[in-house]
Each structure stands twice: as C-alpha cells, then as structure tokens.
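Quick note: the sequence shown uses my numbering, first residue -12, plus one each step. All remarks here apply to the structure that follows.
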Amino acid sequence: MLELRMQRRRLKYWQIYEEILEKMKQVQYEITLYKKSAEFLAEKLKSWDGSLYHTLDSDSRLEQDILRRCYKRDLGEAIKKQEPSEVYMNQRDRRLLDFHFANLEYVSGGTLDKLSLQHFDQDDEFQFTGSHMAKFLAEKLKSWDGSLYHTLDSDSRLEQDILRRCYKRDLGEAIKRYDAARDRFRNLETTLRNLKKQEPSEVYMNQRDRRLLDFHFANLEYVSGGTLDKLSLQHFDQDDEFQFTGSHMAIRDGYGDFLTRLVTSDIASDIKQNAVVEEIKYNEKGVEVKYKTDETTETVEGDVCLCTIPLGVLKRSVTECSDAPKFEPPLPENTVNAVLEMGFGNFNKVVLIFSRPFWDVTQNYFGHLNHSRASRGEMFMFTALSKAPVLIAMMAGEAANLEAPNEVIVRKAMNVLANIFGSACPKG
C-alpha cells in the first residue's frame, strides 16, 4: 500500500490514469485483522530509519514503540542470568556454517548431522595420512642426500662442487628442522592423550543451554518461515548486510489503523474493492482484465497491467487452476519455471484475547523454552505489541504445520501461560 501511494503520485505527475482492483472487501497490506486487535501477518517494522513508514510518518503521525529485548522463561522460571543473544546466535551460526562446504561443494542443511559424524571420522584418517607422509618425505630426503655424491664426477668443475656443498648444507638444516618439528608433534600427541583421559572440567552445554540454543533455532525458523533443513546454509542470512539502520519498531495501534488512514486518503477513490480478477488477456495492443463483483462480471482495458498477486495464487495461475486468475496467452515458459521454482515459507500465530493484561505491559516479548528439539518452535515466543489485552503466540518450524482443533491449541497456550505466570493467568 505504501508503494502504491508513492507510485500513484508519480503516475499522476505523468498524467497516467490507473485503476486498482482489490479482491477483498477491505484493503489489506500484508495484514489480516482479528477483531481489530491482532494482526495475523505483518506486525512490526524492522529498521525504522529505512522504512517507508518513516517517510510517511510526517503525514500520518504514527505512534511507535521501540521493541525491547525478549526475556525468556524456562520451566516456569525466569532465567535470572539473561545471556546475550549473540552468544547463542553465534553458536547457532557456527553450527550451521561449520559444514557449509564438503569437498568444496555446497551442501544443504539436511545433511548437517551426517557431515558432523564424517568430520570426526576423517580427522583420525588425516592424522594417520600426515604421519605416513612425513615418514616418507624424511626417507626420501636422506636418499637424495646419499645420491648427490654419485651424480657428480670427480672431474666436475668448481662451480658444481660448491653447488653440491650448498645443497648438502640446506638439506642438513631441513632435516634438523624436521626432527625438531617431529619431536614437538610427539609432545603434542602425548599431551592430547593425557587430556583425553581427564574428565572435562566444565560442561560445554547443559540442558538449559541446549533449550536456549533451540530457542534461537526456532527464532531463525520463525523469521525464515521454514525448517532448518529447508534453508540454504550459504544464503540463509543473505539480507543481514543490506538491513536498514534504526531500531525495530511497532505501530502502537497496529498496521490496520495506519492502513485505514491511507485508504481514506486520495487513494480510496481509485480502489475497486471486492473485485475478483478472473482473466488477464494481453497482446501488443494492451491488456484486458476481466473481474467479478458479487454476481456481475466487468472488464477494464489498459496499456499495462501490474499484477501484485500473492506467490501462492500465482503458482496456481501458471498451472491453470480454475480458482486462480487465468493468463491469456499463458505466460512465457521461463517465467512459469521461475514462479514454480520460487519458494515461500510458513509460520502460524495463536491469537489470545483477554479482558485485561496479566503480563508485564512494559515488555513487548517474552520467550518460552520448550522441552525437546522437536517442539522448539511451539509457542516459543509471545508478543504484546498493542495497547489491547492481546497476546500472540508464535508457531515456527515444524510447529507451524501443527494440525489440531483450535480448542486443543488454545488449551496448550493457556497451559504455557499458566506455567509462566501461575495464579495471575486466567483459567480456561
């Protein structure tokens, strides 16, 4: 919607007329409101300084809140020592990227654990190969040293004799360095064997650390919209270096309030709502779009048609499904292939509306550490971004595809909240 408003101004300056068709009865921009209190999709602004909302802020006078850190709860207790997220995120990224390449070839996240085991098996093999190669080189050097005396005749010129002496000296120094390095290597091997016999002085990662790490894995699955085995190890963080500056913000009254201000402005008159596009015909003369409003079918013609169809609907369009807009003639093969190959992720939200807040209203987030790796994304984080008494539980990774009746999911969410807040949490 923001891009639409700015593009409309540009088109108006060029004296180009446009007509906007919107399928829904209310205009939406990556949001769906539930009882005007909760947003099912977009709900926060990353990097305020570069956002289009910041550009339009002078017009709309948005009320924003800076998003604070997420405090985590484990087994109903607050984690007193809130470790910096960077510590666990570094461990997460290290785990993901340690096996980025195998034999200089890209590998997917699904093969990560197999490569971990192969890495430890190959380590012993490399040590054996290195020791064998060192012995071979030492014997070869000594054989060359003995053969130098036989390659030169006694009648050789003085220059050859001097060269032989230089080679012998360099060879002797190289052998001395090799012997010293071999002794150091043996000392290191002895030290390593002694260390392996000792019990570790400190547990590298206890059960709580493991759950904390799983929390950050779940958060990565949340922002990526997919499970880790579906992510590219090479490109999962490709947007990090291109992020805008500024704090993460939340619009206090939600995207819906801001969007209402936009559509009641000069854009509203150009939007035909409840207009379901059925067919898009195009040729060298222009385009013709057929759409349906309730029981009436109408047509609009133009020079160009800009399609902002969601990717999932577009996939159905290019495969000519009856419930999606039809292109006539069909889109070019390379375009169809690109649409079909492009992927998108999935995450879910559980919206809980209460009569009053029973949580700390000064905090925008609080986290919940799940018991197992399989359930790490199940209601792992709760958000409270608006003034309304609404909590939204995040479902990421495998949990995003959880199929259960609403009553069961709500009961699970209430059990988690009761475990965190105790008697302050309402029953039912």
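Idealized CB from N, CA, C, for every residue including glycine.
Selected residue, minimal CA-CA separation from Phe369, among Ala375, Thr349, Glu390, Lys336:
Taking the first residue of the sequence shown as position 1, residue 369 is located at position 382. Looking at the Cα atoms, Lys336 is the closest of the given residues.
Please classify Leu207: is it buried, with 16 or more other beta-carbons within 10 angstroms of its beta-carbon, or exposed?
In the sequence shown, counting from the first residue as 1, residue 207 sits at position 220. Burial call: buried.
Proximity winner among Phe331, Cys292, Glu328, relative to Glu315 (alpha-carbon distances):
Stepping through the sequence shown from its first residue, residue 315 is reached at position 328. Comparing Cα positions, the closest option is Cys292.
Please confirm if the region 331 to 349 is in contact with the region 394 to 409, defined as three or more CB-CB distances below 8 angstroms between the two stretches.
yes
Among the candidates Met381, Leu318, Cys308, whose CA atom is the shortest distance from the CA of Cys294?
Position 307 of the sequence shown, counted from the first residue, corresponds to residue 294. Checked all of Met381, Leu318, Cys308; the closest Cα to Cys294 is Leu318.
Span separating the alpha-carbon of Thr177 from that of Arg164
Your numbering for residue 177 matches position 190 in the sequence shown. Your numbering for residue 164 matches position 177 in the sequence shown. Thr177 and Arg164: Cα-Cα distance of roughly 20 angstroms.
For Asn321, which of helix, strand or coil comes out of DSSP?
As a working mapping, residue 321 is identified with position 334 in the sequence shown. Note: Asn321 maps to helix in three-state DSSP.
Could you check the C-alpha separation between Leu211 and Thr349 for me, to the nearest Å?
In the sequence shown, counting from the first residue as 1, residue 211 sits at position 224. In the sequence shown, counting from the first residue as 1, residue 349 sits at position 362. It should be pointed out that residue 211 corresponds to Ser in this sequence rather than to Leu. If you take the alpha carbons of Ser211 and Thr349, they lie about 27 angstroms apart.
Mind checking whether Gly384 and Ala205 have CB atoms under 8 angstroms apart?
Residue 384 sits at position 397 when you count from the first residue of the sequence shown. Residue 205 sits at position 218 when you count from the first residue of the sequence shown. Going by C-beta atoms, Gly384 is nearer than 8 angstroms to Ala205.
Report, in whole angstroms, the separation of the C-beta atoms of Leu356 and Arg198, which I expect to be a contact under 8 angstroms.
Against the sequence shown, residue 356 aligns to sequence position 369. Against the sequence shown, residue 198 aligns to sequence position 211. At roughly 4 angstroms, the Cβ-Cβ gap stays under 8 angstroms, so Leu356 and Arg198 are in contact.
Given a cut-off of 8 angstroms, decide if Ala311 and Val300 are closer than it, judged by their beta-carbon atoms.
As a first step, residue 300 must be located in the sequence shown, where it is residue number 313. As a first step, residue 311 must be located in the sequence shown, where it is residue number 324. Yes, the pair counts as a contact, with Cβ atoms nearer than the cut-off.
In this structure, what does DSSP give as the bridge partners for Lys268?
Start at 1 with the first residue of the sequence shown, and residue 268 comes out as number 281. According to DSSP, which records beta bridges pairwise, Lys268 is partnered with Glu275, Glu315.
Would you report the Cα separation of Thr280 and Arg(-3), rounded to the nearest angstrom?
Translated into the one-based positions of the sequence shown, residue 280 becomes position 293. Translated into the one-based positions of the sequence shown, residue -3 becomes position 10. One C-alpha to the other measures close to 29 angstroms.
What three-state label does DSSP hand Asn393 in the structure shown?
In the sequence shown, residue 393 corresponds to position 406, counting from 1. In the structure shown, Asn393 sits in a helix (DSSP, three-state: H, G or I).
Let's see if you can read the secondary structure: which residues bound the beta strand (DSSP E) around Ile340?
Residue mapping note: residue 340 aligns to position 353 of the sequence shown, counting from 1. Looking at the DSSP string, the run of the beta strand (DSSP E) that includes Ile340 is 335 to 340.
Is the CB-CB distance between Ala387 and Met366 below 8 angstroms?
Residue mapping note: residue 387 aligns to position 400 of the sequence shown, counting from 1. Residue mapping note: residue 366 aligns to position 379 of the sequence shown, counting from 1. No.
Nearest-angstrom Cα distance between Glu6 and Ile258?
Counted from its first residue, the sequence shown places residue 6 at position 19. Counted from its first residue, the sequence shown places residue 258 at position 271. Their backbone Cα atoms lie some 7 angstroms apart in a straight line.
Classify Phe331: buried if its beta carbon has 16 or more other beta carbons within 10 angstroms, exposed otherwise.
Position 344 of the sequence shown, counted from the first residue, corresponds to residue 331. Exposed: under 16 other Cβ atoms inside 10 Å.
Answer yes or no: do Gly364 and Met382 have a C-beta to C-beta separation smaller than 8 angstroms?
Looking up residue 364 in the sequence shown gives position 377. Looking up residue 382 in the sequence shown gives position 395. Yes, these two residues count as a Cβ contact at 8 angstroms.
Our contact map puts Ile340 next to Pro392 with C-beta atoms below 8 angstroms; I'd like the distance itself, whole angstroms only.
Here residue 340 refers to the residue found at position 353 when the sequence shown is read from its first residue. Here residue 392 refers to the residue found at position 405 when the sequence shown is read from its first residue. Not a contact, Cβ separation roughly 18 angstroms.
Taking Leu8 as the reference, which of Arg171, Glu126, Lys(-1), Val263 has the closest Cα?
Working through the sequence shown from its first residue, we reach residue 8 at position 21. Residue Val263 is the option with its Cα nearest to Leu8.
Buried or exposed: where does Gly159 fall if 16 or more other Cβ atoms within 10 Å of its Cβ makes it buried?
Indexing the sequence shown from 1 puts residue 159 at position 172. Its Cβ having fewer than 16 others within 10 Å, Gly159 is exposed.
With a 10 Å radius around its C-beta and 16 neighbouring C-beta atoms as the bar for buried, classify Asp100 as buried or exposed.
As a first step, residue 100 is located in the sequence shown; it is residue number 113 there, counting from the start. Below a pLDDT of 50, predicted positions are generally treated as unreliable, and Asp100, at 48, falls in that range; no measurement from the model is reported.
Reducing DSSP to helix, strand and coil, say where Ala387 ends up.
Position 400 of the sequence shown, counting from 1, holds the residue named residue 387. Three-state result, Ala387: helix.
Would Asp313 pass as a contact of Glu266 if the rule is Cβ separation under 8 angstroms?
In the sequence shown, the residue the question calls residue 313 occupies position 326. In the sequence shown, the residue the question calls residue 266 occupies position 279. Note that residue 313 corresponds to Lys in the displayed sequence, not to Asp. Result yes, Cβ atoms of Lys313 and Glu266 sit closer than 8 angstroms.
Verify whether the separation of the beta carbon atoms of Val326 and Val305 is less than 8 angstroms.
Translated into positions along the sequence shown, residue 326 becomes position 339. Translated into positions along the sequence shown, residue 305 becomes position 318. Yes; because the gap between Cβ atoms is below 8 angstroms, this pair is in contact.
Glu6 - DSSP class collapsed to helix/strand/coil
On the sequence shown, position 19 is the one that residue 6 refers to. Glu6 falls in the coil class under three-state DSSP.
Hey, out of Glu282, Val287, Thr283, Asn270, whose CA is closest to Val276's CA?
Within the sequence shown, numbered from 1, the residue matching residue 276 stands at position 289. Out of Glu282, Val287, Thr283, Asn270, Val287 has the C-alpha closest to the C-alpha of Val276.
Residue nearest to Pro297 in terms of C-alpha spacing, selected from Lys10, Lys374, Asn261
Stepping through the sequence shown from its first residue, residue 297 is reached at position 310. Comparing Cα-Cα distances from Pro297 to each of Lys10, Lys374, Asn261, the minimum goes to Lys10.
With 16 other CB atoms within 10 Å as the buried threshold, where does Asn181 fall?
For the purposes of this step, residue 181 is taken as residue 194 along the sequence shown, with counting starting at 1. It is exposed - the Cβ of Asn181 has fewer than 16 other Cβ atoms within 10 Å.
N-terminal and C-terminal residue of the alpha helix (DSSP H) that His203 is part of:
Within the sequence shown, numbered from 1, the residue matching residue 203 stands at position 216. 194 to 211 is the span of the alpha helix (DSSP H), which, as asked, contains His203.
Apart from the five residues on each side of it in sequence, which residues of its chain come closer than 6 angstroms, Cβ to Cβ, to Val395?
In the sequence shown, residue 395 corresponds to position 408, counting from 1. So no residue of the chain qualifies.
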